[in-house]
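Chains as they are written, first to last, in numbering that gives the first Met the number 0: chain A, 0 to 653; chain B, 0 to 180. C-beta atoms are modelled at their ideal positions from N, C-alpha and C, and glycine is treated no differently. The block underneath contains the structure these notes are about, expressed in structure tokens.
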Amino acid sequence: MRYAETGFNLEVDLTRGNIERVATDPELTELYLGGLGTNAKILWDRVPPEVEPFSPENLLIFGTGLLVGTPVIGCNRTVVSTISPQTGLMAFSMMGGFFAPELKYAGYDTLIIRGQSPDLVYLWIHDDKVEIRDASHLKGKGSLEAAEMIRTELDDPKAQIASIGMAGENRVWFASIEQGRSSASRGGIGAVMGDKGLKAIAVRGTNDVHVARPPELIEMCNEVMRYIKHRNENPIPGVMPILAGLGSPQEMAIHDEKWHTENFAWGNSRTRRKGFWTEEVEDNWTETMRGMRTRLVSCHNCPMKCGATISVPGLPTYMMKCFSKLTYTMAAMSDLEFGLRIAQSATEYGVDAFSAPQVMAFALELYEAGILTDDDFPGMPSDNEERFFWLLDRIVRREGIGDLLANGTHWAAEQIGNGAQEYAHNNIKKHEQLPLKLGMLNPIYFLMYATGEKINITQIEGNYPQAPFATREEREEFCKDWVQVPDEKFKEYFLNWELRGEYSIPHYPGIEATCEIVNWQEQMHYIDDATGMCAGLSSFPLKPPYHIHNLPTFISNATGMELDEEGLTQIAKRIRNLVRAFNIRRGMSKEDEKPPADHWKRRFPELEEELLTEYYRFKGWNEQGIPTSESLHELALDYVADDFLERGILQDEG
Amino acid sequence: MEVTRKKKIVKTIRIDVDKCNGCRACEVICSSFHAIPKYSSNNPERSRIRVIHYPLRDLYVPVYAGEYVAAECAGRGMYTIDGKEYDECAFCRASCPSRDLFKEPDSGLPLKCDMCESDPSLTEPMCVQWCLADALIYEEREEEVEEGETLEEIEIGLEAMAHKFGWQKLLDTAARMSKKD
Ligand code: SF4
Ligand code: SF4
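Structure (structure tokens):
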């Protein structure tokens, strides 16, 4: 018997209409766990570097993490992997909600979609019964609208549905896959789904998910419940409210947005607005949120309530979480009411809430600069907010200028030329980033921005505080119950970290320590992405319930696999290197590993070069950032080394 | 059925629908607790509490399994909640022939909440323990109740099967199958 996993994948070929249930190899679980690990392995094996994102040979994989569907609290991630049309690299966007557990209950660990359907279809997975169904009547429908129609026609309100909106259908390069409560937004995976002619996937499962050591596992789960309760009652002192608790940043619950509105950049990621957060604004925005937010909602088997149901008067209800609360507001230099209103359309259209607002602000900046002119915007309204609605509409339909903008700021700027590139200034690896512009280079963040292959800062940062605490007493206090550190030395680094002087950024933490801190934080994310754990309970917040000391036992108790810290660390490393290898094989190079040039005002080119070189070495990569034959061998990734040698990516000497 | 009156601790779970966030932790842990061996598997479909939810209508109603009923109700009404209409069946606690709710998915046998009866007994039922939102509140009160014999789980199951196939067929099958062992 297989524990925690079902032992079966579902393979769907949309070109031929073929559906297969395929048994998986338990040995692969021991090597890659599940979720991202499994997805990366499948992509490496089956998608050679010549394959274009929009081609029948590209795979669209919905992976459930290894522990998804077990009672392990907060393990509910669907990891969607494919080739991103925007970056040309592996996209591995994730969503919480209820989809992955339902897929497990239906009897599948991974859903692999290949081919291309000539007509728009949707997939209906009901345990062993799997059908490809006509979706021509859903063409152009909103993501949530379509999901509701599907539930009605299937007469199954309990079906969990992942769907795309018009943006995905029209292959917008930052289209998302929406699931009501959550979405997998980054990397344009919704466009790949649209390219496959797949409007939605509905799933309903009624099977058991087994675990290997029941009483031991449940006792650990009970302990997590108690710890979450304790942390909810005792936020961490000394950090801003959204970093003090567990879960995704509690954007739906909190009203105090001083930090975001005054420290993050408005417009096309340009303007810091010091003094913006007045009492008047606070009253106004609190009023807006109170009036429109009807309920805080959770994901599967998690008590954290990071999302919310939003009802804007006169518009259909939708759900939201996290920082999408403010991205539209800030891009348009508007207010929260506007932000929540346009997010309703954006959710139905299915676009990424980091990229979409930035693309629109970018277009308007080009218009102001005269690089784009009235001819490019025929019929655009004069009102600022209406312009955003107008632009969003052009983009998701790929009409007029929207067709260019639908590829994101990098590619749009390339096509527009005429100096437009300067305006696409907030990208890494051609992908729009959080709008943040700061003063002094932070070595930890430098490495995370440069080398993160999820290409999104929130998906690599987390367990180590973002900034030093002012006094040594506060730092000592913080270290007292900091059991999550993999090694005591991290406490040392933190205790000595000062706001100013010799022990402050950019030269402290030192290079070696910086490498270790970045590596630790990243490793925790890779573990979560393989188990399906929500980062909000694990790799993202300070002092989470899950950490390197208890995760191996969770995995052992759930699966029966023998695993210790060293073993789990090794698996995380293996997955990390496989993802990198896949991207390197697709052409990613050291040249791509750069934060946006204007991310910090004060840059230190020599230090940065040294950091990158040392980090590559630390990771077992050569000076070009390519994993060496030796380190690949240590990770049982010899097949990757062989491929690299054959392609001339590595020479014999590594 | 013989009926006596006596004092008894009545265990109930009070439900505060406004606090439910739809996490389904109650479904996961209830089905896990009742798995054999205990906690060895979970499957919300076997849970004795189900969260009826229509997220876009902002409606979340945890309902825990009540009595098995042999026949579906006559006349079925509609609820109107916040201006939206729902079939009365949607929120019913009964395990009844006309729908899948509160039935074992493979056998079709009825499920009923037993307040996590176990030895040693729990301080609170599992679903209540795992509902950090306080949507489920455990209450005990002493009450004078009419006490008939309470049916064991197996009796409820047998009754349901008898209803479906008839006692004779059930007995014949049981006799035939037990010989095989
Ligand atoms: S555990 Fe509580 S909050 Fe979660 S679904 Fe059940 S009743 Fe609702
Ligand atoms: S009290 Fe126990 S049996 Fe009843 S619904 Fe809750 S967990 Fe299930």
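Close Cβ partners of residue i (< 7 Å) along its chain, the five nearest in sequence each way excluded
i, result
"alanine 243 (chain A)", "Pro234 and Ile235"
"lysine 6 (chain B)", "Glu141 and Glu143"
"tyrosine 103 (chain A)", "Inspection of the sequence shows that residue 103 (chain A) is occupied by lysine rather than by tyrosine. Same-chain partners within the cutoff: Thr5, Thr63, Val67, Gly68, Gly204 and Val208."
"proline 380 (chain A)", "Arg386 and Trp389"
"glutamate 515 (chain A)", "none"
"lysine 589 (chain A)", "Gln623 and Gly624"
"phenylalanine 376 (chain A)", "Tyr366 and Ile400"
"glutamine 483 (chain A)", "Asn462, Lys542, Pro543 and His546"
"arginine 601 (chain A)", "Gly438, Met439 and Leu440"
"glutamate 384 (chain A)", "Ala331, Ser333 and Phe337"
Under 9 Å between C-beta atoms of residue i and residue j
i, j, result
"serine 354 (chain A)", "histidine 424 (chain A)", "no"
"threonine 69 (chain A)", "alanine 557 (chain A)", "yes"
"arginine 167 (chain A)", "isoleucine 454 (chain A)", "A quick correction: the sequence has glycine, not arginine, at residue 167 (chain A). No; because the gap between Cβ atoms is not below 9 Å, this pair is not in contact."
"threonine 270 (chain A)", "methionine 332 (chain A)", "yes"
"threonine 346 (chain A)", "serine 142 (chain A)", "yes"
"glycine 164 (chain A)", "glutamate 152 (chain A)", "no"
"proline 52 (chain A)", "glycine 87 (chain A)", "yes"
"glycine 531 (chain A)", "proline 551 (chain A)", "no"
"leucine 42 (chain A)", "methionine 94 (chain A)", "no"
"serine 162 (chain A)", "alanine 146 (chain A)", "yes"
"phenylalanine 493 (chain A)", "arginine 584 (chain A)", "no"
"isoleucine 504 (chain A)", "proline 442 (chain A)", "yes"
"glycine 73 (chain A)", "cysteine 478 (chain A)", "no"
"isoleucine 8 (chain B)", "glutamine 128 (chain B)", "no"
"methionine 303 (chain A)", "serine 297 (chain A)", "yes"
"valine 171 (chain A)", "valine 350 (chain A)", "yes"
"leucine 245 (chain A)", "alanine 199 (chain A)", "no"
"tyrosine 448 (chain A)", "threonine 513 (chain A)", "no"
Exposed unless 16 or more other CB atoms sit within 10 angstroms - verdict on residue i
i, result
"arginine 180 (chain A)", "buried"
"phenylalanine 489 (chain A)", "buried"
"glutamine 249 (chain A)", "buried"
"phenylalanine 101 (chain B)", "buried"
"aspartate 108 (chain A)", "buried"
"threonine 81 (chain A)", "buried"
"glycine 416 (chain A)", "exposed"
"arginine 397 (chain A)", "buried"
"phenylalanine 98 (chain A)", "buried"
"glycine 451 (chain A)", "buried"
"threonine 122 (chain B)", "exposed"
"cysteine 72 (chain B)", "exposed"
"glutamine 650 (chain A)", "exposed"
"proline 638 (chain A)", "The amino acid occupying residue 638 (chain A) in the given sequence is tyrosine; proline does not appear at that position. Label assigned to tyrosine 638 (chain A): exposed."
"phenylalanine 164 (chain B)", "exposed"
"asparagine 17 (chain A)", "exposed"
"serine 120 (chain B)", "exposed"
Any C-beta of chain E under 9 Å from that of residue i
i, result
"arginine 294 (chain A)", "As a matter of chain content, chain E is missing from the structure shown, whose protein chains are A and B."
Own chain residues within Cβ distance below 8 Å of residue i, not counting five before or after
i, result
"leucine 27 (chain A)", "Thr37 and Lys40"
"glycine 653 (chain A)", "Low confidence applies to glycine 653 (chain A): its pLDDT is 44, below 50, so where it sits in the model is not reliable enough to give any reading."
"glutamate 561 (chain A)", "Ser555"
Chain-order list of residues whose beta-carbon lies under 6 Å from that of residue i (same chain, five-residue window excluded)
i, result
"arginine 294 (chain A)", "Thr308"
"glycine 461 (chain A)", "Gln520, Ser538 and Phe539"
"arginine 212 (chain A)", "Asn556"
"tryptophan 123 (chain A)", "Glu130, Arg132 and Ala201"
"valine 60 (chain B)", "Val16, Ile51 and Phe90"
"asparagine 206 (chain A)", "Tyr104 and Gly106"
"methionine 160 (chain B)", "Leu169"
Contact between the region 107-117 of chain A and the region 56-71 of chain A (3+ Cβ pairs under 8 Å): Cβ pair count under 8 Å is three or more, so yes.
By C-beta, the residues closer than 5 Å to any heavy atom of ligand 2, given in chain order: That gives B:Cys29, B:Arg47, B:Ile48, B:Tyr63, B:Cys112, B:Met114, B:Cys115, B:Pro124, B:Met125 and B:Cys126.
The region 428-447 of chain A in contact with the region 260-268 of chain A per 3-pair CB rule at 8 Å: The region 428-447 of chain A vs the region 260-268 of chain A: in contact.
Inter-stretch contact at 8 Å, needing at least 3 Cβ pairs: the region 59-68 of chain B / the region 35-51 of chain B: Output reads yes: the region 35-51 of chain B touches the region 59-68 of chain B.
Cβ pair count under 8 Å reaching 3, the region 123-137 of chain B against the region 7-17 of chain B: Taking one beta carbon from each stretch, the region 123-137 of chain B and the region 7-17 of chain B have 3 or more pairs nearer than 8 Å; the two touch.
Cβ pair count under 8 Å reaching 3, the region 267-286 of chain A against the region 323-337 of chain A: Yes, the region 267-286 of chain A is in contact with the region 323-337 of chain A.
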